[in-house]
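Presented below is the structure to which this report refers.
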Amino acid sequence: MPYEPGSPQCRVLIDCKSQIESMLLSLGRIENSQHIRDQLVSVHNQLEGLHALHRKEALELKQG
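Printed below as a string of structure tokens:
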């Protein structure tokens with residue numbers, strides 16, 4: 289079952305993470321791209337942290 293985003297912000301974050309994942313796959317075929325891939329993984333992790341924060345805030349609002 290696909291993940292259903294809870295807000296427009298979550299949708300944007302999910303889309304951005306997906307695009308980075310696609311870039312990582314493509315760059316994996318290019319020599320000497322490890323440094324760039326490492327940076328993209330770092331950005332992906334930052335986006336995941338921001339997404340977790342948005343999910344937590346949404347849950348707290350929902351619970352009252």
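Going from the sequence shown to the numbering used here is simple: count from 1 and add 288.
Just so you know, even glycine gets a beta-carbon here, dropped at the ideal spot from N, CA and C.
In this structure H342 touches C298 by the C-beta definition: roughly 6 Å separates them, less than 8 Å. When DSSP states are grouped into helix, strand and coil, R343 belongs to the helix group. In this structure, DSSP gives N320 a state outside helix and strand, which the three-state scheme calls coil. For S295, there is no enclosing alpha helix (DSSP H), as DSSP gives it neither H nor E. Around the beta carbon of L301, 16 or more other beta carbons lie within 10 angstroms, which makes this residue buried.
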